[in-house]
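Have a look at the structure below, then the notes.
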Amino acid sequence: MASGALAGDTLDLHLVTLFEKLEEVRRDQVSTRLLPAKAELRTLEFWRSIISECLSSFFYVFTVSGAAAGVASGGSTAETILAASFAAGFSIAALTQSFGHVSGQCPSVSLLCHSLG
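For the sequence shown, counting from 1, position 34 maps to 34 in full-length UniProt numbering; every step adds exactly one.
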């Protein structure tokens with residue numbers, strides 16, 4: 001009976017060691033997964049990110065410009081600024097939710113964060 005318990009302990013030790021080594025291999029593969037620039041240009045993931053960022057930038061500019069132009073034709077300066085700021089905030093939130101899973105985040109947010117700091 002004691003030898004059976006001992007064999008079970010060594011089996012547990014071997015399993016734990018195996019899982020630790022697998023975890024170490026997984027961590028090493030994630031860090032060395034970067035591709036050279038020429039190879040990355042050929043990936044579908046790269047082009048999906050580029051297209052989604054272009055579309056989100058287009059929708060952002062279209063939304064904010066449309067809101068400002070719509071109010072500017074018959075409203076005061078304060079109404080134009082308020083409409084443009086609300087349109088900018090809501091469109092950033094909507095575009096980040098829509099395109100964020102494809103490219104990481106909205107390019108407008110990236111540009112804003114880069115310009116602020």
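C-beta: ideal position from N, C-alpha, C; glycine also.
Bear in mind that the values here come from a model prediction, so they are computed numbers and not experimental data.
Of the residues Ala-84, Leu-55 and Ala-83, which one's Cα is nearest the Cα of Ser-98? When C-alpha distances from Ser-98 are compared across Ala-84, Leu-55 and Ala-83, the shortest belongs to Leu-55.
Let's see if you can read the secondary structure: which residues bound the alpha helix (DSSP H) around residue 200? The question about residue 200 has no answer here: the residues shown for the chain are numbered 1 through 117.
Here's the rule I'm using: 16 or more other beta-carbon atoms within 10 Å means buried, otherwise exposed. How should Ile-92 be labelled? Buried is the call here.
Residue environment, Gly-95, which counts as buried when at least 16 other CB atoms sit within 10 Å: The sequence as given places Leu at residue 95; Gly does not occur at that position. Buried is the call here.
Where Leu-34 falls: helix, strand or coil (DSSP): Leu-34 falls in the coil class under three-state DSSP.
Look at the alpha carbon of Leu-18 and the alpha carbon of Ala-39, and state the distance between them as a whole number of angstroms. Going by the C-alpha atoms only, they are around 33 Å apart.
Rounded straight-line distance, which links the Cα of Ala-37 to that of Glu-45: Those two C-alpha atoms are separated by around 13 Å.
By the three-class DSSP mapping on this structure, what secondary structure does Met-1 have? Its pLDDT being 44, under 50, Met-1 is placed unreliably by the model, and nothing is read from it.
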